[in-house]
Amino acid sequence: MKRVRFRDTAGNVRGGRWTVEDGEPVVTAAAGPYGRIAFGDESYDPDEVDILPPCEPTKVVCIGRNYADHAEEMDSDVPDRPMLFLKAPNAVASHGKHLTMPSGKERIDYEAELGVVIGEQCRNVSESGAMDVVAGYTCVNDISNRDDQRREQNWVRGKAFDNACPIGPLVATPEHVPEDASIELRLNGETKQSSSREHLIFSVPELIAEITSYMTLEPGDVIATGTPEGVGPMEDGDEVEVEIEGIGTLKHSVKIP
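The opening residue of the sequence shown carries number 1 in the UniProt record's numbering; numbering runs sequentially from there.
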């Protein structure tokens with residue numbers, strides 16, 4: 001199942017299923033936040049509604065240098081355990097929006113990532129039981145303000161500013177997303193990142209076990225699993241697409257004052 005949150009034409013926030021009819025995506029309204037109960041034949045064209053982030057995380061737990069090729073391009077060592085940092089809820093942004101970035105910065109980068117959406121409150125989860133707490137997967141752009149990230153050790157200014165974490169457009173349940181799912185980022189239609197989740201250094205179960213040994217994860221929390229090589233800067237007006245096999249394509253543009 002592919003689940004979506006949206007604001008309908010009457011201004012109501014709804015949950016629903018994202019389906020395809022005759023090659024075109026259709027949002028079907030549903031009662032619950034993950035689209036478990038459909039309202040008959042009621043449906044919407046995605047272009048007619050306001051697509052919202054597919055979940056409402058209390059936090060986004062990000063993983064640094066989880067692809068060896070990205071560590072190499074950043075001239076950094078491959079970590080011996082997952083590198084964790086946080087993005088706050090204010091950083092979360094929606095599919096299809098024109099996102100304003102911090103002003104006066106020399107370099108703001110895109111980073112395509114597979115996002116893991118947590119389905120239940122959990123703590124001290126084992127690797128063997130990790131997939132039981134996964135609601136599904138989504139697309140993430142871990143936008144990074146390199147000016148401030150390189151100046152500070154805690155990365156708050158560099159990673160947790162408003163609009164630093166567009167996610168969406170939907171959550172796909174795990175059976176839709178293969179273990180070797182392709183991950184691609186396009187900037188103004190040109191492919192900049194192209195890899196696969198099979199190249200993750202630390203797998204999704206390993207990440208969940210490590211994170212929950214330190215903190216409780218809540219329903220709707222997101223783990224951004226790291227980015228492959230090919231990160232680079234965005235310019236004012238750029239159009240960004242993050243496409244992950246089995247999920248779909250997260251699209252947004254950027255305004256850089």
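The C-beta atom is built at its ideal place from N, Cα and C for all residues, glycine as well.
Which of helix, strand or coil DSSP assigns to residue i
i, result
"residue 252", "strand"
"residue 109", "strand"
"residue 2", "strand"
"residue 19", "strand"
"residue 257", "coil"
"residue 191", "strand"
"residue 207", "helix"
"residue 89", "helix"
"residue 197", "helix"
"residue 176", "helix"
"residue 14", "strand"
"residue 162", "coil"
"residue 212", "helix"
"residue 130", "helix"
Boundaries (first-last residue) of the beta strand (DSSP E) holding residue i
i, result
"residue 112", "112–118"
"residue 264", "Because the chain spans 1 through 257 in this model, residue 264 falls outside it and cannot be assessed."
"residue 25", "24–30"
"residue 221", "No beta strand (DSSP E) holds residue 221; DSSP gives it neither H nor E."
"residue 149", "It is not in any beta strand (DSSP E) - residue 149 instead sits in the alpha helix (DSSP H) that spans 146–149."
"residue 48", "Unbroken run through residue 48: none, as it is neither H nor E."
"residue 10", "That residue, residue 10, is in no beta strand (DSSP E); it is neither H nor E in DSSP."
"residue 136", "134–141"
"residue 98", "98–100"
Whole-Å CB distance - residue i paired with residue j, under 8 Å assumed
i, j, result
"residue 176", "residue 247", "7 Å"
"residue 53", "residue 168", "6 Å"
"residue 156", "residue 136", "In fact, because the Cβ distance is near 28 Å, the residues do not count as touching under 8 Å."
"residue 195", "residue 208", "Not quite, the Cβ-Cβ distance comes to about 21 Å (not below 8 Å), so this is no contact."
"residue 154", "residue 105", "About 17 Å separates the two Cβ atoms, so there is no contact after all."
Exposed unless 16 or more other CB atoms sit within 10 angstroms - verdict on residue i
i, result
"residue 93", "buried"
"residue 324", "This structure gives no information on residue 324, because the portion of the chain shown stretches from 1 to 257."
"residue 10", "exposed"
"residue 140", "buried"
"residue 33", "In this prediction, residue 33 scores a pLDDT of 49, lower than 50, which makes its location untrustworthy; the coordinate-derived value is nonetheless stated afterwards. Label assigned to residue 33: buried."
"residue 142", "buried"
Bridge partners - residue i, DSSP secondary structure assignment
i, result
"residue 155", "Paired residues: none, contrary to the question."
"residue 186", "191, 241"
"residue 64", "83"
"residue 246", "According to DSSP, which records beta bridges pairwise, residue 246 is partnered with nothing at all."
"residue 297", "In the structure displayed, the chain extends from 1 to 257; residue 297 sits before or after that span and is not available."
"residue 104", "Its beta-bridge partners do not exist; DSSP assigns none."
"residue 233", "109"
Enclosing alpha helix (DSSP H) for residue i [first to last residue]
i, result
"residue 75", "That residue, residue 75, is in no alpha helix (DSSP H); it is neither H nor E in DSSP."
Contact with chain B by residue i, beta-carbon distance below 8 Å
i, result
"residue 45", "Looking for chain B here will not work: only one protein chain is present."
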